[in-house]
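Heads up, the thing below is written out as structure tokens.
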Amino acid sequence: MTHDSVTSKLFFETAELDQTAAEKLTIDALNSADDGELFLEYHQSESFSFDDSKLKEASFDSSQGFGLRAVADECTGFAHASDLSESALKRAAQTVKSACKGYHGELALPPASVNHELYTSKNPLNDSDFAYKVESLSAIDAYARDLDPRVQQVMISLTGSWQAIRLIRGDGSHASDVRPLVRINISIIASDGSRQETGSYGTGGRVSYSKFLDPKNWKPQVEEAWRQAEAKLTSIAAPVGEMPIILGPGWPGILLHEAVGHGLEGDFNRKKTSAFSGLLGQRVAAPGVTVIDDGTIADRRGSLTIDDEGTPTGRTTLIEDGILKGYIQDRMNARLMKMDPTGNGRRQSYAHQPLPRMTNTFMLGGNESPEEMIKSVKKGLYAVNFGGGQVDITSGKFVFSASEAYLIENGKITAPVKGASLIGNGPDVLTKVVSVGNDFELDPGIGTCGKAGQGVPVGVGLPTIHVNGITVGGTNT
Numbered sequence: 000m001t002h003d004s005v006t007s008k009l010f011f012e013t014a015e016l017d018q019t020a021a022e023k024l025t026i027d028a029l030n031s032a033d034d035g036e037l038f039l040e041y042h043q044s045e046s047f048s049f050d051d052s053k054l055k056e057a058s059f060d061s062s063q064g065f066g067l068r069a070v071a072d073e074c075t076g077f078a079h080a081s082d083l084s085e086s087a088l089k090r091a092a093q094t095v096k097s098a099c100k101g102y103h104g105e106l107a108l109p110p111a112s113v114n115h116e117l118y119t120s121k122n123p124l125n126d127s128d129f130a131y132k133v134e135s136l137s138a139i140d141a142y143a144r145d146l147d148p149r150v151q152q153v154m155i156s157l158t159g160s161w162q163a164i165r166l167i168r169g170d171g172s173h174a175s176d177v178r179p180l181v182r183i184n185i186s187i188i189a190s191d192g193s194r195q196e197t198g199s200y201g202t203g204g205r206v207s208y209s210k211f212l213d214p215k216n217w218k219p220q221v222e223e224a225w226r227q228a229e230a231k232l233t234s235i236a237a238p239v240g241e242m243p244i245i246l247g248p249g250w251p252g253i254l255l256h257e258a259v260g261h262g263l264e265g266d267f268n269r270k271k272t273s274a275f276s277g278l279l280g281q282r283v284a285a286p287g288v289t290v291i292d293d294g295t296i297a298d299r300r301g302s303l304t305i306d307d308e309g310t311p312t313g314r315t316t317l318i319e320d321g322i323l324k325g326y327i328q329d330r331m332n333a334r335l336m337k338m339d340p341t342g343n344g345r346r347q348s349y350a351h352q353p354l355p356r357m358t359n360t361f362m363l364g365g366n367e368s369p370e371e372m373i374k375s376v377k378k379g380l381y382a383v384n385f386g387g388g389q390v391d392i393t394s395g396k397f398v399f400s401a402s403e404a405y406l407i408e409n410g411k412i413t414a415p416v417k418g419a420s421l422i423g424n425g426p427d428v429l430t431k432v433v434s435v436g437n438d439f440e441l442d443p444g445i446g447t448c449g450k451a452g453q454g455v456p457v458g459v460g461l462p463t464i465h466v467n468g469i470t471v472g473g474t475n476t
């Protein structure tokens, strides 16, 4: 079934809401507005937690509701409810119309088209039964424990969700999307008798469970989690000071997402609170640095057929060969900045308003050999994986903890280090990129981005890059 037919049946054939009534109430509520929409949502989710060789927790949740929004210049009227009924929608319409009282805007045109469907409309929660999921988690646990006697504990989480949305705009037009999402994460605690260390690896995407519960796929994931834990057992204290940094491919793109990507979102730039405000057309990064946000990659965690305002997602060039080319835009900020929306208006649920948010954000690969890049460093750090971090959008300053990193000594990767933090400034770091590797990778599908109290799934990516000088905070002086 198409996304449109799935949502039509879900919201108008099996619910109390009448389609004609919903259209009339939406048109009336947005009569004096510049923009807005009725956002209908149905959401199912489940999660499994496997620990101490047994299922510790299993949960299932379903929710439904609507959010009605009217935008008048910079003012927004917004109401939401979990009751999908005409009476609830009438009350919401009266609320949002108050935001436009005395205002007479010209309703913005709807998006011209939609993308081809980028993922299946099938519900992953229904593609295998409860017993099979638990048996798979048990098999993963047993395999991990058999890898080495030093494996002390194995923790596995499995989550899945299915979200169906339908939007009605002020001209009565409709847009729909049906979004599956799954993720599995495996963590291993290893001990050599004197210390304990943890390694973890996760993967996910807008596909069915079957891909991740196939032993051909989860066995390498278990082995990667073990590899990380084993390496950390021999780690030494991280060095401190400014030094060359080699960032590995894939997940280290989270640093790009946090330290640079948020600063390129339209709302921060419209309000001139970003370090990138007013710099369109200017050099903000070293030659060879090209940064893309692309929500159209099939089956990826951060991809969307349409965003949460009905705009088709696209491939937006943010920085091209070091020159700032564009911003990440939702409809409201794009209109106020006299720019085009880029399909990045995203919300956590029907109870939240859309904001300009990233989808899959990454730096394109270059021509350099990663091996030669490492050989060029006499003393530095090779950062492969990252944990948590903080960034200040206005200044661009960031702090990130490297969950897996190694010393580079005389052009060779040597000892693993523990406790390394990278401290710097996002825009400044982009200017210090010395070389860009030819090994571009997207992350394995585990990212969740937080902004204004809302979390949405995202993707990141990076080739190996050489940054000439980031401050490393550690414990070894």
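Start counting the sequence shown at 0; every next residue gets the next number (numbering that gives the first Met the number 0).
Don't be surprised by glycine CBs; every beta carbon is placed ideally from N, CA and C.
Source: prediction; values computed, not measured.
Ends of the alpha helix (DSSP H) at R178? In the DSSP assignment, R178 falls outside any alpha helix (DSSP H) and lies within the beta strand (DSSP E) extending over 173–190.
Under the three-state reduction of DSSP, which class applies to Q151: helix, strand or coil? strand
May I have the straight-line CA-CA distance separating V457 from N467, to the nearest angstrom? 28 angstroms
I'd like the span of the beta strand (DSSP E) that includes M242, first residue to last. 240–246
Thinking C-alpha only, which one of F399, V133, I167 is nearest E56? V133
By DSSP's criteria, L39 is part of a beta bridge. Which residues make up the other side? F65, R165
Once you ignore the five residues that flank L278 on each side, which residues in its own chain have a CB closer than 8 angstroms to its CB? L323
Should G454 go down as buried or exposed, given a rule of 16 or more other Cβ atoms within 10 Å for buried? exposed
Taking its Cβ as the centre, do 16 or more other Cβ atoms sit within 10 Å of C74, making it buried, or is it exposed? exposed
Skipping 5 residues on each side, what residues in its chain have a beta carbon closer than 6 angstroms to that of I155? F49, L136, I139, I185
For R334, report the span of its beta strand (DSSP E) as first-last. From DSSP, R334 is part of no beta strand (DSSP E) but of the alpha helix (DSSP H) over 330–335.
Does the distance from the C-beta atom of L124 to that of Q43 stay below 7 angstroms? yes
Can you round the beta-carbon distance between G203 and R300 to whole angstroms, since I take them to be within the 8 angstroms contact cut? 5 angstroms
For the beta strand (DSSP E) containing V206, list its first residue and its last residue. Counting along the chain, V206 falls outside any beta strand (DSSP E), and DSSP gives it neither H nor E.
Distance between S400 and P219 (C-alpha atoms, nearest Å): 25 angstroms
Cβ shell of A350 (< 7 angstroms), same chain only, five flanking positions each side left out: G64, G66, H79
Run through the DSSP bridge pairs and tell me what A57 is partnered with. Bridge partners of A57: F47.
Quick one: residues in its chain with C-beta nearer than 8 angstroms to the C-beta of I373, no 5 flanking neighbours on either side, listed in chain order? I245, Y381, I407, G410, K411, I412
Determine the contact status of N424 and K396, defining contact as a CB-CB distance below 7 angstroms. Cβ atoms of N424 and K396: closer than 7 angstroms.
When we look at the beta-carbon of D292 and count the other beta-carbons within 10 Å, is it buried (16 or more) or exposed? buried
I want to know whether the segment 267–283 touches the segment 167–187 - three or more CB-CB distances under 8 angstroms. no
DSSP has V416 in a bridge; who is on the other side? I235, A404
If you draw a straight line from the C-alpha of M362 to the C-alpha of G260, how long is it? Taking the straight line joining both Cα atoms gives about 11 angstroms.
With 16 other Cβ atoms within 10 Å as the buried cut-off, status of S234: buried
Does the pairing of the segment 85–96 with the segment 20–32 give three or more beta-carbon distances under 8 angstroms? yes
My understanding is that T310 touches P110, with C-beta atoms under 8 angstroms, so please give their C-beta distance in whole angstroms. 5 angstroms
Segment limits, alpha helix (DSSP H) that includes V383: Looking at the DSSP string, V383 is not in any alpha helix (DSSP H); the run it does join, the beta strand (DSSP E), is 378–390.
Drop a sphere of 10 angstroms on the beta-carbon of E403, count the other beta-carbons inside from all chains shown, and report buried for 16 or more, exposed for fewer. Flag for E403 reads buried.
Between which two residues does the alpha helix (DSSP H) containing S81 stretch? Premise fails: S81 is in no alpha helix (DSSP H) and is neither H nor E.
Going along the chain, which unbroken runs of the beta strand (DSSP E) with 3 or more residues stay wholly within the segment 286–349? If we require 3 residues or more, the beta strand (DSSP E) runs fully inside the segment 286–349 come out as 290–293, 314–319.
Counting only the same chain and skipping the five closest in sequence on each side, list residues whose C-beta sits under 6 angstroms from that of D479. The displayed coordinates of the chain run from 0 to 476. Any statement about residue 479 would go beyond what the structure contains.
Spatial distance of P286 from R205 (CA atoms): 34 angstroms
Per-residue DSSP class, three states only, for P214: helix
T304, buried or exposed, once every other Cβ within 10 Å from all chains shown has been counted against 16: buried
Thinking just about the alpha-carbon of each residue, which of R168, A163, E229, T19 is nearest to the one in Q195? Nearest to Q195 by C-alpha distance, out of R168, A163, E229, T19, is E229.
How many Å lie between V383 and K337 at the Cα? 40 angstroms
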